[in-house]
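Here's the structure, in structure tokens; my notes come after.
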Amino acid sequence: MQIRTPKKYQGVQRRSVIGCRRLGFYLLMLALIAAGVGALLNQATLAPIVQKAVFDFIGRLEDTAATMTVPEPTATTDRRNSLVEANNYWLSGALDEATDLYRQIAESMPNSVEVFRRVAIGLINASRFDEAVTYGARAINADPFDADAWAIYAWALDWDKRATDALGYALHALELEPENSRAGAYLAEVYNSLDQPERAELLVEDLLEADPNSAEAIRARGLIRWNRNDFAGALDDFKTAYRLAANMNLIAIDIAIIEKDLGNIETAKEFLQQVIDADPYNPHALFRLGEIAVSFEGNPAQALRHLQDCVDVNPDYLHCYFMLGRAQERLGSLEDAADSFEKAIGLGSLNPQHYFWAGFSQIQLGNCSRALAYLEPGLRLALATTTQRFAADIEDVIPQCDPSYIRRAALDGA
């Protein structure tokens, strides 16, 4: 049985004629109409205000968009870390790696003579002498009162076969710092290049008396002895200098050249391999390894690998192009060989041997006019030398293209 409970009486609710929401809407519309009428009546006054407000709003939007699209700034590399890394490469003999880093660092350290000095030495080791001269000049610009700056500029000029130019800079280095053994050693090398070995020797003796462990002075004495054909004395000096400065690859190459000339091929290769292990793309070491493979071991295929690496890493190193041509000629690639010999001469070679092979390769290809274009100037270069080496070789092949040519020996006999 369900009991029904009557609902509580709530009375009757009457609906308002105009609701609150509707009333608010009407009031808003009236306000907008009034504002519109006012704007029309006062258009000249309100237009600039509205325009300014719109432009300000657009400007804020543009600033926000620009901020949103600008990339996050990259972290600046701490040059101190790069300097430590470069120094480590330098001390280990990895001069190519060290030089690349020092060149990057140099842009942020424009007043560091030592950085520019090391770049110049690294470029000398890489047989890039003209670039070394440039960095030697930058060392002077970094500090015109630093003796090492003037000394490295002089040394770079000497390596670039500009000993006459180098002399004044080397002398000025010693004026700035008379006790600087490095500057004195470089001056001794300049004297030696200028065919003044007596002056070079006296200077080196004074340097070694003041500093017996100067690797630069000991190497300079080795160069003087080498020029006098004192191979044993030169070899002893170079090995001593290399022990004192084991990261200087150019000294190891000096040792290898003398050992090669003395017929100690395996010893020469050991020193060259030390350079390659530390500095895999040292062009002078690659050239010497290629030379040994072609001229002493009869292995042109092995030479080709070394010499191709050499010209790839230093396209301006003419000696590698010449030896590359010798390897290519041995392998029967006559056109490639002719091209390599031409590149060596195009890079400025004045070696009569290079002209002989450039001409002879053209004879083998049947190009007599091009052959004579190399053989005739090559003969003039050979005759201008003290030993006149290769003159007879060039005269032997000229008649193959010019049957009317009369050898000098025949003229002398007449």
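Each residue of the sequence shown is one higher than the last, beginning at 48 in the numbering used here.
Just so it is clear, CB atoms sit at the ideal spot from N, CA and C, and this is done for glycine as well.
| Check | Outcome |
| --- | --- |
| Do A267 and A232 have their CB atoms nearer than 8 Å? | yes |
| If we ignore side chains and look at the alpha-carbon of each, how far apart do D284 and I304 end up? | 14 Å |
| So, is A257 buried or exposed, given that buried needs 16 or more other C-beta atoms within 10 angstroms? | exposed |
| One question on the structure: do I392 and Q447 come within less than 8 Å of each other, judged by their Cβ atoms? | no |
| Which of the three DSSP states is assigned to A292 in this structure? | coil |
| Taking the C-alpha atoms as reference points, what is the distance between I453 and A439? | 12 Å |
| Taking Cβ to Cβ, would you say Q400 is nearer than 8 Å to F343? | no |
| Closer than 8 Å by C-beta to L204: which residues in its own chain qualify, once you throw out the five before and the five after it? Chain order, please. | V180, G183, A210, D212, A213 and Y216 |
| Any contact of the stretch 133–150 with the stretch 162–174, i.e. 3+ C-beta pairs under 8 Å? | yes |
| So, helix, strand or coil for Q243, using DSSP? | coil |
| Please go through the same chain and pick out, in chain order, the residues whose beta-carbon is closer than 8 Å to the beta-carbon of S139, but skip the five residues on each side of it. | N294 and A325 |
| Measure from the alpha carbon of L241 to the alpha carbon of each residue in G280, V131, R377 and W206, then state which is nearest. | W206 |
| Mind reading off the beta-carbon distance from R165 to W137? Whole number of angstroms is fine, and I expect it under 8 Å. | 6 Å |
| Excluding sequence positions up to five away, which residues of its chain have a Cβ less than 7 Å from the Cβ of P429? | According to the sequence displayed, residue 429 carries Ala and not Pro. So the list reads P399, Q435, R436, F437, A438 and I441, once near-sequence residues are dropped. |
| Could you check the C-alpha separation between I445 and T432 for me, to the nearest Å? | 19 Å |
| Answer with buried or exposed for S227, where buried requires no fewer than 16 other C-beta atoms within 10 angstroms of its C-beta. | Note that residue 227 corresponds to Asn in the displayed sequence, not to Ser. The residue is buried, with at least 16 neighbouring Cβ atoms inside 10 Å. |
| To the nearest angstrom, how far is it from the Cα of E236 to the Cα of S261? | 14 Å |
| Using the Cβ count rule (16 or more neighbours within 10 Å means buried), how would you classify D308? | exposed |
| On the premise that Y328 lies in contact with D143, defined as a C-beta separation below 8 Å, what is that separation, rounded to the nearest angstrom? | 6 Å |
| Which residue from L333, A384, G345 and F369 puts its Cα closest to that of R352? | L333 |
| Buried or exposed: which applies to K390, given that a residue is buried once 16 or more other Cβ atoms fall within 10 Å of its Cβ? | buried |
| As an exercise, report each continuous beta strand (DSSP E) stretch of at least 3 residues that is fully enclosed by the stretch 141–227, in chain order. | none |
| Expressed to the nearest angstrom, what Euclidean distance is found between the alpha-carbon atoms of F278 and E263? | 18 Å |
| For I265 versus T287, is the C-beta distance shorter than 8 Å? | yes |
| Can you grab the Cα-Cα spacing for the pair K316 / R335, in whole Å? | 9 Å |
| Alpha carbon to alpha carbon, how far is H366 from F388? | 10 Å |
| Can you check the stretch 317–394 for any beta strand (DSSP E) of at least 3 residues that lies completely inside it and give the ranges in chain order? | none |
| Going by beta carbon distance, what residues of the same chain come within less than 6 Å of D443, once the five residues before and after it are set aside? | none |
| Compute the Euclidean distance between the alpha carbons of A196 and P157, then round it to the nearest angstrom. | 13 Å |
| How many angstroms separate the CA atom of F533 from the CA atom of L422? | The structure shown does not extend to residue 533, since the chain is modelled only from 48 through 461, so no value can be given for it. |
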